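For reference, the structure is listed below as structure tokens.
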Ligand SMILES: Cc1cn([C@H]2C[C@H](O)[C@@H](COP(=O)(O)OP(=O)(O)OP(=O)(O)O)O2)c(=O)[nH]c1=O
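Numbering (the UniProt record's numbering), first residue to last: 1 to 410.
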């Protein structure tokens with residue numbers, strides 16, 4: 001199975017399936033291709049927020065992609081109601097679903113932690129960035145999708161320079177190798193594609209709804225509350241927001257209101273430890289975001305966005321996740337172990353030593369075809385992204401299960 005993953009090539013269609021394909025819209029085809037691609041399936045074994053693969057109550061990247069698709073669908077339907085009134089053609093829901101499913105397929109094992117570690121290893125060759133990797137994957141004849149779907153998935157507007165110094169921080173962008181196609185996308189679709197905006201908003205909203213739920217399930221009610229009371233104060237949230245939002249904040253008053261709203265209307269349901277009440281709480285937040293979506297149509301162009309309160313709500317939730325989990329010694333310790341595992345696997349692949357059961361040496365031809373060291377390092381990243389969190393962990397930890405995360409004290 002791993003062998004198939006590393007060497008995945010597009011399906012060869014029979015005459016009969018070609019006819020079926022002809023009957024599908026281009027976006028339906030994109031949707032089906034992504035749904036059936038191994039890269040999409042692998043997301044079920046990649047970290048979303050908490051790298052704790054055997055806790056099936058926590059989200060993984062696949063579940064997150066489904067959440068994004070669901071929320072983006074809700075936003076697009078709302079937009080379509082407005083466009084019908086304004087005599088504009090409606091947005092294609094298949095495109096929205098295809099792009100939502102595809103938006104994270106470039107993520108490596110262990111999600112953002114894996115991304116930062118690979119970026120460090122790739123500093124002399126443009127680094128590693130998940131959205132750049134998604135665009136690479138979707139433009140490499142590995143998983144062919146339409147340009148419109150590609151433009152919907154593209155997150156960043158500038159290229160990552162080829163050479164970066166060790167001291168440079170993590171950089172978002174697309175790889176220079178994708179510059180021509182990205183320019184073409186800007187030329188064809190401009191900078192403000194409504195579908196792109198919708199998937200972006202849905203991505204943020206999905207995290208704002210479900211990240212807190214993950215924290216409650218990971219820590220348990222009492223430990224979550226202890227951390228929340230200790231770490232989440234209006235001034236600490238304000239401090240986090242200064243780095244993470246462009247919104248102007250003059251006082252902590254708005255933050256106090258948002259925290260109050262969250263503590264009274266969202267947390268009780270999440271902390272009830274009652275599936276029914278939790279579902280209602282999650283559904284209420286989802287509906288409140290969808291109701292808040294603003295659609296403006298000006299001279300046949302569409303502006304889609306959330307009001308300031310909801311934008312701040314998203315930023316405050318990110319801050320809570322950072323204060324209660326991402327900046328916690330538990331997470332730093334996990335990241336240290338993940339660093340060790342990813343670095344060893346990267347070097348093992350580069351040197352051609354990796355021989356985990358199922359993969360064998362199937363990846364060697366990909367390395368042999370690389371024309372120089374930079375191409376070889378990029379091929380190693382491609383191959384590494386075909387592994388799951390647990391596989392990387394097992395390769396370097398002599399089959400020791402990542403359940404060890406369980407024993408971390410908090
Ligand atoms: C920055 C960061 C985010 N996360 C989680 C929090 C959210 O669930 C999710 C997204 O966080 P975001 O900060 O919204 O990151 P992003 O939008 O750049 O990335 P993407 O949508 O591609 O994931 O990742 C981590 O687990 N570790 C991190 O270091």
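Idealized CB from N, CA, C, for every residue including glycine.
None of the values given here were measured: they were computed from a predicted structure.
One alpha carbon belongs to residue 236, the other to residue 333, and they sit about 22 Å apart.
Residue 37 is classed as buried because its beta carbon has at least 16 other beta carbons within 10 Å across all chains shown. In terms of side-chain proximity, the C-beta atom of residue 111 is found nearer than 7 Å to a non-hydrogen atom of ligand 1. Burial check for residue 178: the Cβ neighbour count within 10 Å reaches 16 or more, so the residue is buried.
Taking a 10 Å sphere around the C-beta of residue 186, we find fewer than 16 other C-beta atoms and assign the residue as exposed. If you look at residue 293, you'll find it isn't in any alpha helix (DSSP H); DSSP assigns it neither H nor E.
Here residue 274 carries a coil assignment [DSSP, helix/strand/coil]. No Cβ-Cβ contact shorter than 8 Å links residue 184 with residue 99.
Among the bridge pairs identified by DSSP, residue 60 is matched with 47. For residue 175, DSSP records a beta bridge to 160.
Within the chosen limit of 7 Å, ligand 1 reaches the beta carbon of residue 204 through at least one heavy atom.
In the same chain as residue 302, and ignoring 5 residues on each side of it, the C-beta atoms closer than 6 Å to its own belong to 194, in chain order. Between residue 321 and residue 250 the beta-carbon gap is near 24 Å, outside 8 Å, which marks them as no contact. Exclusion of the five residues before and after residue 72 leaves 96, 100, 198, 199 and 202 as the residues of its chain whose Cβ lies within less than 7 Å of its Cβ. Per the Cβ contact rule, the stretch 77-87 is not in contact with the stretch 144-151 (fewer than 3 Cβ pairs under 8 Å). Taken through DSSP and simplified to helix, strand or coil, residue 360 comes out as coil. For residue 149, the uninterrupted alpha helix (DSSP H) segment begins and ends at 147-153.
Counting only residues of its own chain and dropping the five nearest sequence neighbours on each side, residue 269 has a CB closer than 7 Å to the CB of 277, 278, 280 and 281.
Residue 242: not part of any beta strand (DSSP E); member of the alpha helix (DSSP H) spanning 234-244, first to last residue. Residue range 329-351 is occupied by the alpha helix (DSSP H) that includes residue 342.
DSSP places residue 301 outside any alpha helix (DSSP H); the residue lies instead in the beta strand (DSSP E), whose first and last residues are 301-305. Straight through space, the alpha carbons of residue 323 and residue 76 are spaced by roughly 33 Å. Burial check for residue 122: the Cβ neighbour count within 10 Å reaches 16 or more, so the residue is buried.
Put simply, of 382, 306 and 192 the residue whose alpha carbon is nearest the alpha carbon of residue 300 is 192. Inter-residue distance for residue 348 and residue 164 is about 24 Å (C-alpha atoms, whole angstroms).
Straight-line measurement puts the Cα of residue 298 at about 43 Å from the Cα of residue 118. The three-state secondary structure of residue 311, taken from DSSP, is helix. Only residues of its own chain outside the window of five on either side were considered, and among them 209 and 266 have a CB closer than 7 Å to the CB of residue 285, listed in chain order. Closest by C-alpha distance to residue 35, out of 94, 373 and 60, is 94. Ligand 1 approaches residue 318 closely enough that one of its heavy atoms is under 7 Å from the residue's Cβ.
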